[in-house]
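Here the sequence shown is numbered in our numbering, starting from 565 and rising by one per residue.
Every residue gets a Cβ at the ideal spot worked out from N, C-alpha and C, and that includes glycine.
Inspection log for the structure reproduced underneath, given as structure tokens.
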Amino acid sequence: MSGPASVHYGQLYVQSGGRDPELPESFAGHQNGLCGAAVEGTLFLVTGLHTGDVGFGVELYDDAPPIDDSWEEIVETSFRPLGETFLSGFDSGYWPLELELVDYRARYCGWGMDAGHQAAPPEDGEPPVDRYLLQLWPAPPEPDRVIRQTSAQAAYWHGVARKTPPPPTPEQRAELRRARERREAEEREARNLESWGGSIPSERIQDKYMSVLLVQYDRPLLDDLDRATPETLVRIARWAARRGCVATGLDRTDWIATRLDQMDQGLGPRDLTAPPPGTFATDGPILVSTFGGTWPRDLSEPLQALTVIDSTYDDDPLDAAIDTLLRTIDAVGNGHQVITELRQAFPDLS
Numbered sequence: 565m566s567g568p569a570s571v572h573y574g575q576l577y578v579q580s581g582g583r584d585p586e587l588p589e590s591f592a593g594h595q596n597g598l599c600g601a602a603v604e605g606t607l608f609l610v611t612g613l614h615t616g617d618v619g620f621g622v623e624l625y626d627d628a629p630p631i632d633d634s635w636e637e638i639v640e641t642s643f644r645p646l647g648e649t650f651l652s653g654f655d656s657g658y659w660p661l662e663l664e665l666v667d668y669r670a671r672y673c674g675w676g677m678d679a680g681h682q683a684a685p686p687e688d689g690e691p692p693v694d695r696y697l698l699q700l701w702p703a704p705p706e707p708d709r710v711i712r713q714t715s716a717q718a719a720y721w722h723g724v725a726r727k728t729p730p731p732p733t734p735e736q737r738a739e740l741r742r743a744r745e746r747r748e749a750e751e752r753e754a755r756n757l758e759s760w761g762g763s764i765p766s767e768r769i770q771d772k773y774m775s776v777l778l779v780q781y782d783r784p785l786l787d788d789l790d791r792a793t794p795e796t797l798v799r800i801a802r803w804a805a806r807r808g809c810v811a812t813g814l815d816r817t818d819w820i821a822t823r824l825d826q827m828d829q830g831l832g833p834r835d836l837t838a839p840p841p842g843t844f845a846t847d848g849p850i851l852v853s854t855f856g857g858t859w860p861r862d863l864s865e866p867l868q869a870l871t872v873i874d875s876t877y878d879d880d881p882l883d884a885a886i887d888t889l890l891r892t893i894d895a896v897g898n899g900h901q902v903i904t905e906l907r908q909a910f911p912d913l914s
């Protein structure tokens, strides 16, 4: 390409699919401060002009071209594209560059950097104050170098680059990554331990995603539920369902009271007393969701009763016990009270 290129903050970039280059990391370990290649797949190009159009050209060669001494600033570095490559300005401009995915030598030349640094953005039709040329040719990687320096601006940026520590080696990056992964794993483990009250329960309990909500009331209860027999867990679920219905006054409705008694007697869900005709707007089947952990107060009272009682018939007795306990805690509004009553009702639970 050849023509005006829009710059902001005195920056242009060659990008090819890697992350966006930034100062000062793009010049880490560099001798030159005008063409940074420390971020993989990118070139960070510095201009004198802060904002506006600079003259710019990109040239591609098969071999290294002769050095043109008419340029005031000349630096070289090595660059390898990661994918489709383009020249871009800061949030503006896009010029595709047809580069292969091979190693290149990049020569960046500049003229008028000091004048560009002191200039205001050129008006429409005005010639650019400073201009630049990027030359690329296939070549094996080599350290970057400063071939020619003239301006105070170039001297300043070269000094910044030389004070920037080199990037970590691949081995150092790998160790940093491993250290970060260890730290993140330790932090996850610490958060997990804290969420379970300082003691991790069995995997069976952990798999019950709502079980952690009981920790705030009685952490040992989780271990007690884990050890309980299926029969005991079913009895706990039934106790909790009845306690919730008492707390909400649903047990004062005859058919609900009968249904609770039949539940305690061990009747199957299809054998429980049905709601009287007219209870619902339809005489067809009633779809009840047993998903919860909270009291279904957004439903009508008959549906609340059906939902809570049906939750005691979960295929997994542990799920049934945990779900109905949490529903009842929500209904009563005092988890410590509910758990205290539970332990009184089941003295052999611990």
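With 16 other Cβ atoms within 10 Å as the buried cut-off, status of residue i
i    : result
T854 : Any reading at T854 is ruled out, since the residue's pLDDT is 49, under 50, leaving its predicted position unreliable.
Y668 : buried
M565 : exposed
Y658 : exposed
P578 : Correcting the residue type first, residue 578 is Val in the shown sequence and not Pro. V578 comes out buried.
A909 : exposed
A869 : buried
A792 : buried
T641 : buried
Y773 : exposed
H722 : buried
T606 : buried
D708 : buried
S580 : buried
G676 : buried
L663 : buried
L797 : buried
L576 : buried
P911 : exposed
A884 : buried
Beta-bridge partners of residue i, as assigned by DSSP
i    : result
A792 : Bridge partners of A792: none, in fact.
S570 : D617
V979 : Lying outside 565 to 914, the shown extent of the chain, residue 979 is not represented and no answer is given.
Y577 : F608, S652
I638 : C673, R712
W659 : L651
F643 : Y668
G600 : F608
Presumed contact (8 Å Cβ cut-off) between residue i and residue j, rounded CB distance
i    : j    : result
A569 : V618 : 6 Å
G582 : L646 : 5 Å
A718 : A628 : Not confirmed; about 21 Å, so no contact.
R712 : Q595 : Contact doesn't hold; Cβ gap of about 13 Å is too wide.
A811 : A895 : 5 Å
T876 : A801 : 4 Å
G897 : Q780 : No, G897 and Q780 are not in contact; Cβ-Cβ is about 14 Å, not under 8 Å.
W803 : L906 : 7 Å
W701 : D626 : 6 Å
P588 : V724 : 7 Å
D815 : L824 : 6 Å
P732 : L740 : 6 Å
Residue j beta carbon less than 7 Å from that of residue i
i    : j    : result
F650 : A670 : no
R783 : G761 : yes
T892 : V902 : yes
G674 : E637 : yes
I886 : A805 : no
H681 : G612 : yes
V915 : P585 : For residue 915 there is no data in the structure shown, the boundaries of the chain being 565 and 914.
T843 : P866 : yes
P691 : G616 : no
T714 : F591 : no
G574 : V610 : yes
S759 : V776 : yes
Q699 : E753 : no
P881 : T871 : no
W819 : P833 : no
A679 : V666 : no
I769 : L786 : yes
L831 : G857 : no
D922 : S766 : In this structure the chain extends from 565 to 914, so residue 922 is not present and cannot be described.
F608 : Y696 : no
- Quick one: complete alpha helix (DSSP H) runs, 4+ long, within the region 742-821? Entirely contained in the region 742-821, the alpha helix (DSSP H) runs reaching 4 residues are, in chain order, 767-770, 783-791, 794-812.
- Item | Uninterrupted alpha helix (DSSP H) stretches inside the region 820-898 (no shorter than 4 residues) | Taking only runs of at least 4 residues, the alpha helix (DSSP H) segments lying wholly in the region 820-898 are 865-875, 881-896.
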